[in-house]
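Working notes, beginning with the structure itself.
Numbering (my numbering), first residue to last: 36 to 187.
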């Protein structure tokens, strides 16, 4: 049964720790020990083992996916503010920069960039995770540029 679990039921989308693998095999063995002889020698046993394995693996998979999602959100929020400089140095017209300076009451270019980075970071903290996850670290610049333009 260990071979069946190892070759057919272990996840391929993430790795189990040694502790998780040991816990999984203990759960399968316990389920087998609690199974009647009639079920042990029927095709029902495969479904029972599948169910036990799935019940153990699902929470681990969910936790890994949540952690990956949180890391991705952190990366997106961290990289987004870097696009302020790109906007000011390549996308914004001189008129747009003047409007931003007037809007925020800042006259020097470096001070404006610092203020806009701070504002973008604050604004991004309020953007819904589900909306932000539609972007990657490159395409998030479109979201940032749109917000910066809205302040012009």
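Quick reminder that beta carbons are idealized off the backbone N, C-alpha and C, glycines included.
Keep in mind the model is a prediction, meaning the values are calculated, not measured.
(request) Would you mind sorting residue 57 into buried or exposed? The rule is 16 or more other CB atoms within 10 Å of its CB. (result) exposed
(request) Would you mind reading off the limits of the alpha helix (DSSP H) that contains residue 184? (result) 175 to 185
(message) Assuming contact is defined by CB atoms lying nearer than 9 Å, are residue 112 and residue 160 in contact in what I supplied?
(response) It is a contact, given that the beta carbons lie within the stated cut-off.
(request) Using the Cα positions of residue 137 and residue 53, report the straight-line distance between them to the nearest angstrom. (result) 60 Å
(message) My output table needs one value for residue 59: the three-state DSSP class, helix, strand or coil.
(response) helix
(request) Starting from residue 84, trace the alpha helix (DSSP H) both ways and give me its first and last residue. (result) 79 to 115
(message) Between residue 112 and the ligand COA, is there a pair consisting of the residue's CB and a ligand heavy atom that are separated by less than 8 Å?
(response) Looking for the ligand COA in the displayed structure turns up nothing, as the structure carries no ligands at all.
(request) Output the boundary residues of the alpha helix (DSSP H) element that contains residue 76. (result) No alpha helix (DSSP H) contains residue 76, which DSSP labels as neither H nor E.
(message) Rounding to the nearest angstrom, what Cα-Cα distance links residue 162 and residue 168 in this structure?
(response) 10 Å
(request) Check the C-beta distance from residue 115 over to residue 40 and give it rounded, since I have them as a contact under 8 Å. (result) Actually they do not touch by this definition, with Cβ atoms about 43 Å apart.
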